Amino acid sequence: MDLGLNGQPAVVLAASAGLGFATAHALAREGAHVALCSRDLNRAQDAARRIGEATGTPVRAYAADVADADSLTSFIDTAARDLGGLKILVCNAGGPPPGNFAALGEAQWAAAYQLTLMSVVRSVSAALPHLKAGGGGRILALLSSSVKRPLDNLTLSNALRPAVHGLCKSLSVELGPDNIQVNGLAPGRVLTERIQQLDEAAATRRGTTWQAVREASEREVPMGRLGTPDEFGQVAAFLCSPAAQYVNGSTLLVDGGAVTAL
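The numbering used here puts the first residue of the sequence shown at 20, with every later residue one more than the last.
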């Protein structure tokens with residue numbers, strides 16, 4: 020299926036690894052002209068090179084810290100200029116650190132607020148003039164299944180991801196008249212470095228092995244396995260495409276059916 024993304028200028032935040040990388044890869048595979056960033060320019064360039072080699076579509080790489088207002092705004096403005104416009108913004112950031120409430124101090128709350136919520140606020144603010152100038156586009160926020168149910172030992176995510184979820188819903192109403200669709204994509208347990216780190220941390224807390232933690236989590240998924248980054252990326256590309264033209268204000272779970280709430 021041709022998603023109609025060929026030549027579409029797209030910016031993907033924090034895309035040197037994990038689900039950001041998977042999303043950038045899926046967009047480039049569909050022919051989108053992607054600009055990605057990482058705090059580490061070498062990692063960004065390596066990610067762009069690997070995606071370009073795999074897809075045949077050149078990818079631009081930039082250094083930017085999504086938790087820093089000036090760095091983030093400068094990246095989006097520069098990328099939009101270099102791409103000749105902007106039609107797709109994918110808001111992404113590394114997950115806030117694990118921990119229960121008692122283990123978290125104000126500094127950790129403040130840092131997570133900047134990383135998780137304000138990175139979306141600032142990136143949307145920076146992208147809007149470019150999206151409107153091009154007649155509209157797509158904003159996709161990469162979230163977490165914590166927007167639907169709290170996750171063990173992830174208090175920061177449980178508190179801040181739903182805030183982004185609510186922001187996306189508000190933006191979908193406000194920006195719909197400008198032909199800008201705003202949606203969220205909420206992964207469950209998808210095999211990334213972060214999932215490996217969380218499983219190892221859980222194993223330490225529980226006095227077991229990460230393999231045992233992984234097996235237990237797989238049993239909670241009706242499909243009996245964890246998702247792959249490529250599976251997630253394909254859904255992200257769809258939501259960024261003209262094929263999803265009438266999808267607006269939605270948050271889609273990509274979790275194999277693990278969240279059983281309606």
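All C-beta atoms in this analysis are idealised placements derived from N, C-alpha and C, irrespective of residue type, glycine included.
Note that the structure is a prediction, hence the values are computed from the model and not measured.
Residue burial is scored here from C-beta neighbours: Leu-173 has at least 16 other C-beta atoms within 10 angstroms and is therefore classed as buried. In this structure, DSSP gives Cys-56 an extended state, which the three-state scheme calls strand. Counting along the chain, Gln-200 sits inside the beta strand (DSSP E) bounded by residues 199-206. Straight through space, the alpha carbons of Gly-156 and Phe-120 are spaced by roughly 38 Å. The alpha-carbon separation between Ser-189 and Ile-158 amounts to approximately 13 Å. Going by beta carbons, Gly-104 and Gly-153 fall inside the 7 Å limit. Residue pairing for Pro-28: DSSP places it in a beta bridge opposite His-52. Take the alpha-carbon of Ala-220 and the one of Asp-197: they are about 44 Å apart. In the DSSP annotation of this structure, the continuous segment of the alpha helix (DSSP H) that includes Arg-180 starts and ends at 174-194. Leu-161 and Gly-226 have their alpha carbons spaced roughly 32 Å apart. Assigned with DSSP and collapsed to three states, Ala-112 falls in coil, not helix or strand. Here DSSP, grouped into helix, strand and coil, assigns Arg-168 to coil.
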